[in-house]
Amino acid sequence: MNARTLLAADPNFPGLADFGKDPLWISIIKAAVIFIVLMLGVLFGVWFERKLISRMQNRYGPNRAGKFGLLQSVADGLKMGLKEDLMPRTVDKVIYFIAPVVLAVPAFLAFSVIPMGPKVWMFGVETPLQLTDLPVAVLLVLAMASIGVYGIVLAGWGSRSPYSVLGGLRASAQVVSYEIAMGLSFVGVFLFAGTLSTSEIVAAQAQGGALTLGGLQIPLPSWYMILLIPSFLIYIITMLGETNRVPFDLPEGEGELVGGFQTEYSNSLKFAVIMLAEYVNVFVVSAVSITLFMGGWQAPWPISMWDGANTGWWPLLWFFLKMVLVFSFFVWCRASLPRVRYDQLMALGWKILIPVNLAWIMLVATVKAMRLESVDRSLVLIVLAVVVIGCLGIWWRFDSVLQKRKETRAAQVQAEFEQLQAEPSAGGFPVPPLDLPHYHGVARKEVPSGSN
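Shown next as C-alpha coordinates:
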(Lines of atoms letter the chains of each structure in order from A and count residues from 1; the text may use other names and numbers.)
(Lines give C-alpha, C1' and ligand atoms only; values in the text may rest on other atoms or scores of the structure.)
Protein backbone atom coordinates (compact mmCIF):
# COMPACT_ATOMS: atom_id res chain seq x y z
CA MET A 1 0.00 0.00 0.00
CA ASN A 2 1.24 3.49 -0.84
CA ALA A 3 2.41 5.43 2.21
CA ARG A 4 0.27 8.49 1.52
CA THR A 5 -2.85 6.34 1.05
CA LEU A 6 -2.33 4.73 4.44
CA LEU A 7 -1.65 8.10 6.09
CA ALA A 8 -4.99 9.37 4.82
CA ALA A 9 -6.77 6.25 6.10
CA ASP A 10 -5.07 5.99 9.52
CA PRO A 11 -4.47 9.27 11.39
CA ASN A 12 -2.34 7.39 13.96
CA PHE A 13 0.60 7.42 11.50
CA PRO A 14 2.36 10.80 11.32
CA GLY A 15 3.19 12.25 7.93
CA LEU A 16 5.20 15.18 6.62
CA ALA A 17 2.24 17.51 7.18
CA ASP A 18 2.36 16.79 10.94
CA PHE A 19 5.85 18.24 11.41
CA GLY A 20 6.76 21.88 11.91
CA LYS A 21 3.67 22.53 14.03
CA ASP A 22 5.09 21.78 17.49
CA PRO A 23 5.65 24.61 19.96
CA LEU A 24 9.29 25.49 20.48
CA TRP A 25 9.35 24.11 24.00
CA ILE A 26 8.07 20.72 22.78
CA SER A 27 10.88 20.57 20.19
CA ILE A 28 13.43 21.45 22.89
CA ILE A 29 12.09 18.68 25.13
CA LYS A 30 12.30 16.17 22.26
CA ALA A 31 15.87 17.17 21.41
CA ALA A 32 16.93 16.98 25.06
CA VAL A 33 15.33 13.56 25.51
CA ILE A 34 17.06 12.20 22.38
CA PHE A 35 20.43 13.53 23.58
CA ILE A 36 20.00 12.10 27.09
CA VAL A 37 18.76 8.74 25.82
CA LEU A 38 21.72 8.42 23.44
CA MET A 39 24.19 9.34 26.19
CA LEU A 40 22.67 6.82 28.58
CA GLY A 41 22.44 4.33 25.73
CA VAL A 42 26.21 4.55 25.23
CA LEU A 43 26.78 3.79 28.92
CA PHE A 44 24.39 0.85 28.77
CA GLY A 45 25.73 -0.28 25.39
CA VAL A 46 29.34 -0.50 26.59
CA TRP A 47 28.26 -2.51 29.65
CA PHE A 48 25.95 -4.74 27.58
CA GLU A 49 28.64 -5.41 24.96
CA ARG A 50 31.24 -6.35 27.57
CA LYS A 51 28.76 -8.57 29.43
CA LEU A 52 27.49 -10.33 26.31
CA ILE A 53 30.99 -10.96 24.92
CA SER A 54 32.15 -12.26 28.28
CA ARG A 55 29.26 -14.73 28.38
CA MET A 56 30.10 -15.87 24.86
CA GLN A 57 33.69 -16.44 26.02
CA ASN A 58 32.69 -18.15 29.28
CA ARG A 59 33.70 -15.18 31.46
CA TYR A 60 31.86 -12.99 33.94
CA GLY A 61 32.73 -9.58 32.54
CA PRO A 62 32.28 -6.40 34.64
CA ASN A 63 30.89 -7.38 38.06
CA ARG A 64 32.60 -5.10 40.62
CA ALA A 65 31.30 -1.56 40.11
CA GLY A 66 27.65 -1.59 41.13
CA LYS A 67 25.03 -4.31 40.85
CA PHE A 68 25.91 -6.63 37.92
CA GLY A 69 28.73 -4.19 37.08
CA LEU A 70 26.25 -1.58 35.81
CA LEU A 71 28.38 1.30 37.09
CA GLN A 72 31.54 0.16 35.28
CA SER A 73 30.81 2.39 32.27
CA VAL A 74 30.15 5.33 34.59
CA ALA A 75 33.47 4.73 36.32
CA ASP A 76 35.28 4.53 32.97
CA GLY A 77 33.66 7.76 31.81
CA LEU A 78 34.61 9.59 35.01
CA LYS A 79 38.17 8.28 34.72
CA MET A 80 38.56 9.55 31.15
CA GLY A 81 36.92 12.86 32.00
CA LEU A 82 39.20 13.53 34.97
CA LYS A 83 42.39 12.14 33.47
CA GLU A 84 45.18 14.54 32.46
CA ASP A 85 44.72 15.56 28.84
CA LEU A 86 48.06 15.07 27.05
CA MET A 87 48.72 16.65 23.66
CA PRO A 88 51.81 15.67 21.61
CA ARG A 89 53.99 18.60 20.58
CA THR A 90 53.95 17.78 16.86
CA VAL A 91 50.16 17.71 16.34
CA ASP A 92 48.11 20.34 14.54
CA LYS A 93 46.34 21.63 17.63
CA VAL A 94 43.21 23.02 15.94
CA ILE A 95 42.52 19.92 13.82
CA TYR A 96 43.53 17.62 16.67
CA PHE A 97 40.96 19.29 18.93
CA ILE A 98 37.99 19.58 16.55
CA ALA A 99 38.26 16.05 15.03
CA PRO A 100 36.37 14.31 17.88
CA VAL A 101 33.65 16.98 17.68
CA VAL A 102 33.27 16.45 13.92
CA LEU A 103 32.89 12.75 14.67
CA ALA A 104 30.23 13.13 17.36
CA VAL A 105 27.94 15.98 16.25
CA PRO A 106 26.71 14.44 12.93
CA ALA A 107 25.89 11.19 14.72
CA PHE A 108 23.52 13.00 17.09
CA LEU A 109 21.98 15.06 14.26
CA ALA A 110 21.23 11.94 12.20
CA PHE A 111 18.99 10.58 14.96
CA SER A 112 16.68 13.61 14.67
CA VAL A 113 14.82 12.10 11.69
CA ILE A 114 14.34 8.63 13.18
CA PRO A 115 10.63 7.87 13.97
CA MET A 116 10.22 6.16 17.33
CA GLY A 117 6.44 6.10 17.65
CA PRO A 118 3.09 7.41 16.36
CA LYS A 119 1.30 10.55 17.44
CA VAL A 120 1.00 10.88 21.20
CA TRP A 121 -0.22 13.50 23.64
CA MET A 122 2.66 15.23 25.42
CA PHE A 123 1.76 17.89 28.01
CA GLY A 124 -1.55 18.53 26.27
CA VAL A 125 -0.02 18.75 22.77
CA GLU A 126 -0.47 16.05 20.12
CA THR A 127 2.92 15.42 18.54
CA PRO A 128 4.75 12.61 16.72
CA LEU A 129 7.45 10.67 18.59
CA GLN A 130 10.04 12.06 16.19
CA LEU A 131 11.97 15.32 16.34
CA THR A 132 11.52 16.23 12.67
CA ASP A 133 11.09 14.76 9.21
CA LEU A 134 12.04 15.79 5.69
CA PRO A 135 11.01 14.73 2.19
CA VAL A 136 14.61 13.48 1.84
CA ALA A 137 15.20 12.37 5.44
CA VAL A 138 17.11 9.21 4.48
CA LEU A 139 19.53 11.31 2.44
CA LEU A 140 20.14 13.43 5.54
CA VAL A 141 21.26 10.30 7.40
CA LEU A 142 23.66 9.42 4.57
CA ALA A 143 24.98 12.98 4.52
CA MET A 144 25.63 12.94 8.27
CA ALA A 145 27.46 9.63 7.91
CA SER A 146 29.61 11.15 5.17
CA ILE A 147 30.48 14.16 7.32
CA GLY A 148 31.39 11.88 10.23
CA VAL A 149 34.23 10.31 8.25
CA TYR A 150 35.87 13.74 8.06
CA GLY A 151 36.39 13.44 11.81
CA ILE A 152 38.36 10.22 11.34
CA VAL A 153 40.45 11.70 8.51
CA LEU A 154 41.13 14.89 10.47
CA ALA A 155 42.04 12.90 13.59
CA GLY A 156 44.61 10.96 11.60
CA TRP A 157 45.97 13.96 9.70
CA GLY A 158 46.09 16.27 12.72
CA SER A 159 47.96 13.71 14.82
CA ARG A 160 50.98 13.86 12.46
CA SER A 161 51.67 10.19 13.09
CA PRO A 162 52.19 7.58 10.36
CA TYR A 163 49.88 5.06 12.03
CA SER A 164 47.17 7.68 12.51
CA VAL A 165 47.44 8.90 8.91
CA LEU A 166 47.19 5.33 7.61
CA GLY A 167 44.09 4.79 9.76
CA GLY A 168 42.52 7.98 8.40
CA LEU A 169 43.24 6.96 4.80
CA ARG A 170 41.80 3.52 5.39
CA ALA A 171 38.67 5.05 6.86
CA SER A 172 38.12 7.39 3.92
CA ALA A 173 38.52 4.60 1.34
CA GLN A 174 36.35 2.24 3.35
CA VAL A 175 33.50 4.69 3.86
CA VAL A 176 33.48 5.70 0.18
CA SER A 177 33.30 2.05 -0.83
CA TYR A 178 30.59 1.01 1.60
CA GLU A 179 28.47 4.16 1.46
CA ILE A 180 27.88 3.52 -2.23
CA ALA A 181 26.60 0.01 -1.48
CA MET A 182 24.58 1.33 1.47
CA GLY A 183 22.91 4.01 -0.63
CA LEU A 184 22.10 1.50 -3.36
CA SER A 185 20.52 -0.84 -0.80
CA PHE A 186 17.98 1.92 -0.02
CA VAL A 187 16.81 2.26 -3.64
CA GLY A 188 14.52 -0.77 -3.45
CA VAL A 189 12.88 0.66 -0.35
CA PHE A 190 12.35 4.01 -2.09
CA LEU A 191 10.78 2.29 -5.10
CA PHE A 192 8.32 0.30 -3.01
CA ALA A 193 7.50 3.03 -0.46
CA GLY A 194 7.38 5.83 -3.04
CA THR A 195 9.02 8.28 -0.65
CA LEU A 196 12.29 9.18 1.10
CA SER A 197 10.56 10.35 4.28
CA THR A 198 11.31 8.10 7.26
CA SER A 199 7.85 8.44 8.79
CA GLU A 200 6.15 7.62 5.50
CA ILE A 201 8.44 4.62 4.92
CA VAL A 202 7.29 3.25 8.29
CA ALA A 203 3.67 3.84 7.27
CA ALA A 204 4.25 2.03 3.97
CA GLN A 205 5.21 -1.11 5.92
CA ALA A 206 1.95 -1.21 7.87
CA GLN A 207 0.14 -3.43 5.38
CA GLY A 208 1.50 -5.72 2.70
CA GLY A 209 0.37 -5.46 -0.89
CA ALA A 210 -0.30 -8.14 -3.48
CA LEU A 211 1.47 -9.23 -6.66
CA THR A 212 -0.67 -10.29 -9.64
CA LEU A 213 0.87 -12.99 -11.85
CA GLY A 214 -1.32 -14.61 -14.49
CA GLY A 215 -4.48 -13.56 -12.69
CA LEU A 216 -3.25 -15.00 -9.39
CA GLN A 217 -3.06 -12.69 -6.37
CA ILE A 218 0.09 -13.37 -4.32
CA PRO A 219 0.12 -11.61 -0.92
CA LEU A 220 3.37 -9.77 -0.13
CA PRO A 221 4.86 -9.33 3.35
CA SER A 222 4.66 -5.86 4.84
CA TRP A 223 8.18 -5.51 6.27
CA TYR A 224 10.86 -4.81 3.68
CA MET A 225 13.40 -7.04 5.46
CA ILE A 226 11.40 -9.98 3.98
CA LEU A 227 10.08 -8.42 0.80
CA LEU A 228 13.47 -6.90 -0.12
CA ILE A 229 15.75 -9.39 1.62
CA PRO A 230 18.77 -8.84 -0.71
CA SER A 231 18.69 -5.10 0.09
CA PHE A 232 18.40 -5.91 3.79
CA LEU A 233 21.33 -8.35 3.80
CA ILE A 234 23.53 -5.92 1.86
CA TYR A 235 22.65 -3.13 4.29
CA ILE A 236 23.53 -5.35 7.26
CA ILE A 237 27.01 -5.87 5.79
CA THR A 238 27.51 -2.22 4.87
CA MET A 239 26.45 -0.93 8.29
CA LEU A 240 29.31 -2.93 9.81
CA GLY A 241 31.72 -1.32 7.35
CA GLU A 242 30.20 2.13 7.84
CA THR A 243 30.70 2.07 11.60
CA ASN A 244 34.21 0.50 11.47
CA ARG A 245 33.10 -2.47 13.50
CA VAL A 246 34.47 -6.01 13.40
CA PRO A 247 35.16 -7.54 10.91
CA PHE A 248 35.70 -4.20 9.13
CA ASP A 249 37.53 -2.25 11.86
CA LEU A 250 40.66 -1.72 9.78
CA PRO A 251 40.94 2.07 10.44
CA GLU A 252 41.77 1.24 14.06
CA GLY A 253 43.38 -2.17 13.60
CA GLU A 254 45.52 -2.80 16.67
CA GLY A 255 47.59 -5.53 15.04
CA GLU A 256 49.06 -3.35 12.31
CA LEU A 257 48.27 0.30 13.21
CA VAL A 258 48.62 0.32 17.05
CA GLY A 259 45.30 2.17 17.42
CA GLY A 260 44.75 3.62 13.98
CA PHE A 261 43.46 7.17 13.68
CA GLN A 262 43.11 7.47 17.48
CA THR A 263 46.65 6.36 18.35
CA GLU A 264 47.74 9.82 19.56
CA TYR A 265 44.59 10.41 21.63
CA SER A 266 45.33 9.43 25.21
CA ASN A 267 42.60 7.97 27.41
CA SER A 268 41.21 11.42 28.14
CA LEU A 269 38.06 13.36 27.33
CA LYS A 270 38.80 13.55 23.58
CA PHE A 271 39.22 9.78 23.44
CA ALA A 272 35.90 9.43 25.30
CA VAL A 273 34.20 11.62 22.67
CA ILE A 274 35.59 9.38 19.89
CA MET A 275 34.21 6.29 21.63
CA LEU A 276 30.90 8.10 22.20
CA ALA A 277 30.64 8.90 18.48
CA GLU A 278 31.34 5.28 17.54
CA TYR A 279 28.53 3.93 19.69
CA VAL A 280 26.07 6.65 18.65
CA ASN A 281 26.83 5.81 15.01
CA VAL A 282 26.05 2.17 15.81
CA PHE A 283 22.70 3.27 17.27
CA VAL A 284 21.97 5.40 14.19
CA VAL A 285 22.59 2.63 11.64
CA SER A 286 20.61 0.24 13.85
CA ALA A 287 17.69 2.67 13.94
CA VAL A 288 17.88 3.15 10.15
CA SER A 289 17.72 -0.63 9.62
CA ILE A 290 14.67 -0.78 11.88
CA THR A 291 12.97 2.15 10.13
CA LEU A 292 13.61 1.05 6.55
CA PHE A 293 13.39 -2.73 6.83
CA MET A 294 11.83 -3.86 10.14
CA GLY A 295 8.61 -1.89 10.16
CA GLY A 296 9.95 0.92 12.33
CA TRP A 297 8.10 1.30 15.62
CA GLN A 298 5.32 -1.12 14.62
CA ALA A 299 4.83 -4.21 16.76
CA PRO A 300 5.99 -7.55 15.36
CA TRP A 301 3.66 -10.47 14.84
CA PRO A 302 1.87 -11.86 16.89
CA ILE A 303 1.89 -8.76 19.14
CA SER A 304 0.49 -6.79 16.19
CA MET A 305 -2.74 -8.80 16.46
CA TRP A 306 -3.55 -6.77 19.56
CA ASP A 307 -5.50 -3.67 18.49
CA GLY A 308 -3.66 -1.33 20.86
CA ALA A 309 -0.15 -2.54 20.02
CA ASN A 310 0.60 0.35 17.64
CA THR A 311 -1.11 3.15 19.55
CA GLY A 312 -0.03 5.38 22.40
CA TRP A 313 3.39 4.87 23.95
CA TRP A 314 3.60 1.12 23.33
CA PRO A 315 5.40 1.48 19.96
CA LEU A 316 8.30 3.14 21.79
CA LEU A 317 8.85 -0.16 23.62
CA TRP A 318 8.83 -2.18 20.37
CA PHE A 319 11.32 0.23 18.83
CA PHE A 320 13.83 -0.08 21.66
CA LEU A 321 13.46 -3.87 21.78
CA LYS A 322 14.37 -3.99 18.10
CA MET A 323 17.32 -1.68 18.85
CA VAL A 324 18.58 -4.12 21.48
CA LEU A 325 18.32 -7.02 19.02
CA VAL A 326 20.24 -5.21 16.27
CA PHE A 327 22.90 -4.04 18.73
CA SER A 328 23.24 -7.62 19.96
CA PHE A 329 23.97 -8.59 16.35
CA PHE A 330 26.87 -6.09 16.37
CA VAL A 331 28.22 -7.65 19.55
CA TRP A 332 27.80 -11.16 18.18
CA CYS A 333 29.80 -10.24 15.06
CA ARG A 334 32.57 -8.76 17.20
CA ALA A 335 32.80 -11.91 19.32
CA SER A 336 32.64 -14.34 16.39
CA LEU A 337 34.32 -12.93 13.28
CA PRO A 338 38.01 -12.22 12.62
CA ARG A 339 39.23 -9.01 11.04
CA VAL A 340 39.43 -9.25 7.25
CA ARG A 341 42.38 -8.15 5.14
CA TYR A 342 42.19 -4.76 3.47
CA ASP A 343 42.14 -6.23 -0.06
CA GLN A 344 39.27 -8.50 0.98
CA LEU A 345 37.40 -5.48 2.35
CA MET A 346 37.73 -3.55 -0.90
CA ALA A 347 36.96 -6.58 -3.06
CA LEU A 348 33.77 -7.29 -1.12
CA GLY A 349 32.57 -3.70 -1.48
CA TRP A 350 33.41 -3.08 -5.14
CA LYS A 351 33.28 -6.53 -6.75
CA ILE A 352 30.37 -8.12 -4.89
CA LEU A 353 28.09 -5.73 -3.01
CA ILE A 354 27.81 -2.99 -5.63
CA PRO A 355 27.24 -5.29 -8.67
CA VAL A 356 24.72 -7.42 -6.74
CA ASN A 357 22.98 -4.23 -5.63
CA LEU A 358 22.71 -2.92 -9.19
CA ALA A 359 21.32 -6.23 -10.44
CA TRP A 360 18.76 -6.32 -7.61
CA ILE A 361 17.68 -2.71 -8.27
CA MET A 362 17.12 -3.58 -11.92
CA LEU A 363 14.94 -6.53 -10.90
CA VAL A 364 12.93 -4.47 -8.38
CA ALA A 365 12.41 -1.67 -10.91
CA THR A 366 11.22 -4.22 -13.48
CA VAL A 367 8.69 -5.68 -11.04
CA LYS A 368 7.42 -2.20 -10.18
CA ALA A 369 7.12 -1.31 -13.87
CA MET A 370 5.25 -4.53 -14.62
CA ARG A 371 2.65 -3.64 -11.99
CA LEU A 372 1.83 -0.32 -13.69
CA GLU A 373 -1.13 -0.56 -16.04
CA SER A 374 0.03 2.32 -18.27
CA VAL A 375 3.37 0.64 -19.11
CA ASP A 376 3.90 -1.67 -22.11
CA ARG A 377 5.09 -4.85 -20.39
CA SER A 378 6.61 -6.33 -23.52
CA LEU A 379 8.80 -3.23 -23.92
CA VAL A 380 9.91 -3.54 -20.29
CA LEU A 381 10.89 -7.17 -20.81
CA ILE A 382 12.79 -6.32 -24.00
CA VAL A 383 14.76 -3.57 -22.26
CA LEU A 384 15.46 -5.90 -19.34
CA ALA A 385 16.70 -8.62 -21.69
CA VAL A 386 19.01 -6.17 -23.51
CA VAL A 387 20.46 -4.93 -20.22
CA VAL A 388 20.99 -8.47 -18.91
CA ILE A 389 22.70 -9.57 -22.14
CA GLY A 390 24.92 -6.48 -22.06
CA CYS A 391 25.90 -7.10 -18.43
CA LEU A 392 26.67 -10.75 -19.17
CA GLY A 393 28.80 -9.72 -22.16
CA ILE A 394 30.79 -7.27 -20.05
CA TRP A 395 31.24 -9.88 -17.33
CA TRP A 396 32.36 -12.50 -19.87
CA ARG A 397 34.90 -10.07 -21.34
CA PHE A 398 36.46 -9.22 -18.00
CA ASP A 399 36.34 -12.83 -16.86
CA SER A 400 38.14 -13.96 -20.02
CA VAL A 401 40.90 -11.39 -19.52
CA LEU A 402 41.27 -12.41 -15.89
CA GLN A 403 41.40 -16.09 -16.84
CA LYS A 404 44.13 -15.42 -19.40
CA ARG A 405 46.16 -13.60 -16.77
CA LYS A 406 45.81 -16.55 -14.41
CA GLU A 407 46.87 -18.99 -17.12
CA THR A 408 49.90 -16.85 -18.02
CA ARG A 409 50.94 -16.60 -14.40
CA ALA A 410 50.49 -20.37 -13.91
CA ALA A 411 52.68 -21.03 -16.96
CA GLN A 412 55.39 -18.73 -15.55
CA VAL A 413 55.30 -20.50 -12.19
CA GLN A 414 55.52 -23.89 -13.91
CA ALA A 415 58.51 -22.73 -15.98
CA GLU A 416 60.30 -21.46 -12.88
CA PHE A 417 59.63 -24.76 -11.10
CA GLU A 418 60.99 -26.79 -14.02
CA GLN A 419 64.09 -24.58 -14.14
CA LEU A 420 64.74 -25.17 -10.44
CA GLN A 421 64.31 -28.92 -10.93
CA ALA A 422 66.81 -28.87 -13.81
CA GLU A 423 69.56 -27.20 -11.72
CA PRO A 424 70.80 -29.63 -9.01
CA SER A 425 73.24 -27.11 -7.61
CA ALA A 426 70.42 -24.73 -6.85
CA GLY A 427 69.23 -26.99 -4.04
CA GLY A 428 65.90 -27.97 -5.59
CA PHE A 429 62.36 -27.08 -4.60
CA PRO A 430 61.23 -25.99 -2.04
CA VAL A 431 64.65 -25.05 -0.66
CA PRO A 432 65.80 -21.77 -2.27
CA PRO A 433 69.33 -21.65 -3.74
CA LEU A 434 71.87 -20.65 -1.14
CA ASP A 435 75.54 -19.82 -1.67
CA LEU A 436 77.51 -19.34 1.52
CA PRO A 437 81.27 -20.02 2.00
CA HIS A 438 80.92 -22.97 4.33
CA TYR A 439 78.74 -24.74 1.75
CA HIS A 440 81.91 -25.03 -0.37
CA GLY A 441 84.15 -26.43 2.39
CA VAL A 442 85.50 -23.07 3.59
CA ALA A 443 85.87 -23.10 7.37
CA ARG A 444 84.16 -20.37 9.35
CA LYS A 445 86.36 -17.95 11.20
CA GLU A 446 85.97 -18.27 14.93
CA VAL A 447 84.91 -15.04 16.61
CA PRO A 448 87.14 -14.29 19.64
CA SER A 449 85.28 -14.33 22.92
CA GLY A 450 84.46 -10.93 24.34
CA SER A 451 84.46 -9.15 20.96
CA ASN A 452 81.32 -7.64 19.36
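Here the numbering used here runs 158 ahead of the position in the sequence shown, where the first position is 1.
Where a beta carbon is used, it is the ideal one built from N, C-alpha and C, also for glycine.
Just so it is clear, the structure is predicted and the values come from calculations on it, not from any experiment.
What does the alpha-carbon distance come out to for the pair residue i and residue j?
| i | j | result |
| --- | --- | --- |
| P246 | K237 | 20 Å |
| A233 | N221 | 12 Å |
| S330 | G203 | 26 Å |
| I395 | K209 | 24 Å |
| I359 | T449 | 7 Å |
| L521 | P264 | 34 Å |
| A339 | S462 | 32 Å |
| S380 | I387 | 12 Å |
| V446 | V559 | 40 Å |
| L261 | K428 | 11 Å |
| A467 | V484 | 21 Å |
| V440 | W183 | 29 Å |
| V489 | I540 | 46 Å |
| T524 | V283 | 44 Å |
| L267 | M302 | 7 Å |
| Q561 | A527 | 37 Å |
| L300 | I512 | 17 Å |
| D250 | E400 | 26 Å |
| D176 | V546 | 43 Å |
| L391 | E576 | 47 Å |
| G586 | A573 | With a pLDDT of 49 at G586, under the threshold of 50, the modelled position of this residue cannot be trusted; read the value that follows with caution. C-alpha separation (whole angstroms): 14 Å. |
| C491 | I211 | 10 Å |
| I187 | V514 | 43 Å |
| A584 | Q570 | Any reading at A584 must be qualified, since the residue scores a pLDDT of 48, below 50, and its modelled position is unreliable; no value is offered. |
| G551 | S486 | 43 Å |
| F643 | G470 | Because the chain is modelled from 159 through 610, residue 643 falls outside the range shown and cannot be assessed. |
| G178 | W554 | 53 Å |
| L503 | D180 | 45 Å |
| R217 | L327 | 36 Å |
| V431 | G507 | 29 Å |
| Y254 | Y382 | 42 Å |
| V333 | S317 | 20 Å |
| T613 | F419 | Outside the shown range of the chain, which is 159 to 610, sits residue 613, and nothing can be said about it. |
| V323 | Q230 | 32 Å |
| L474 | G224 | 28 Å |
Thinking C-alpha only, which one of the options is nearest residue i?
| i | options | result |
| --- | --- | --- |
| S270 | A517, V484, L287 | L287 |
| F348 | F451, A313, Y218 | F451 |
| G325 | D250, A339, G417, L354 | G417 |
| N170 | R563, F488, W315, A361 | A361 |
| L196 | Q570, W315, S444, R563 | S444 |
| K241 | Y423, F281, R328, L229 | Y423 |
| Y321 | P258, G199, T421, S389 | T421 |
| V278 | G507, T566, P172, I552 | P172 |
| V442 | S319, V482, V404 | V482 |
| G548 | L530, K225, R567, A517 | A517 |
| L312 | V252, S532, L354, S355 | V252 |
| L244 | L542, W315, S426, L530 | S426 |
| V315 | Q363, I256, S355 | Checking the displayed sequence, the identity of residue 315 turns out to be Trp instead of Val. Nearest option by C-alpha distance: I256. |
| M397 | A364, Q363, S335, L385 | S335 |
| G199 | P460, F478, A351 | F478 |
| K480 | D465, A351, W459, W464 | W459 |
| V259 | G227, T248, I310 | I310 |
| S494 | L201, T248, R213, L174 | R213 |
May I ask which residues mark the beginning and end of the beta strand (DSSP E) holding residue i?
| i | result |
| --- | --- |
| K237 | Where K237 is concerned, there is no enclosing beta strand (DSSP E), although the alpha helix (DSSP H) it sits in stretches over 230-240. |
The alpha helix (DSSP H) with residue i in it runs from where to where?
| i | result |
| --- | --- |
| K509 | Taken as a continuous stretch (DSSP letters only), K509 belongs to no alpha helix (DSSP H), as it is neither H nor E. |
| R328 | 320-351 |
| I192 | 182-214 |
| M245 | First-last for M245: undefined, no H or E at that position. |
| G316 | 295-317 |
| N439 | 427-451 |
| F390 | 387-400 |
| F477 | 472-494 |
| A361 | 356-362 |
Sort out for me which residues DSSP pairs residue i with in a bridge.
| i | result |
| --- | --- |
| K613 | Any property of residue 613 remains undetermined from this structure, which presents the chain solely from 159 to 610. |
Original post:
Do the stretch 188-204 and the stretch 291-307 make contact, defined as three or more Cβ pairs closer than 8 Å?
Top reply: no
Original post:
Is the stretch 446-459 in contact with the stretch 272-286, if contact means three or more CB pairs nearer than 8 Å?
Top reply: yes
**OP:** Report yes or no: do three or more beta-carbon pairs, one from the stretch 337-346 and one from the stretch 295-302, lie closer than 8 Å?
**Re:** yes
Original post:
Counting pairs of Cβ atoms below 8 Å between the stretch 299-313 and the stretch 435-445, do you hit three or more?
Top reply: yes
Original post:
Counting pairs of beta carbons, one from the stretch 403-411 and one from the stretch 496-504, are three or more of them closer than 8 Å?
Top reply: yes
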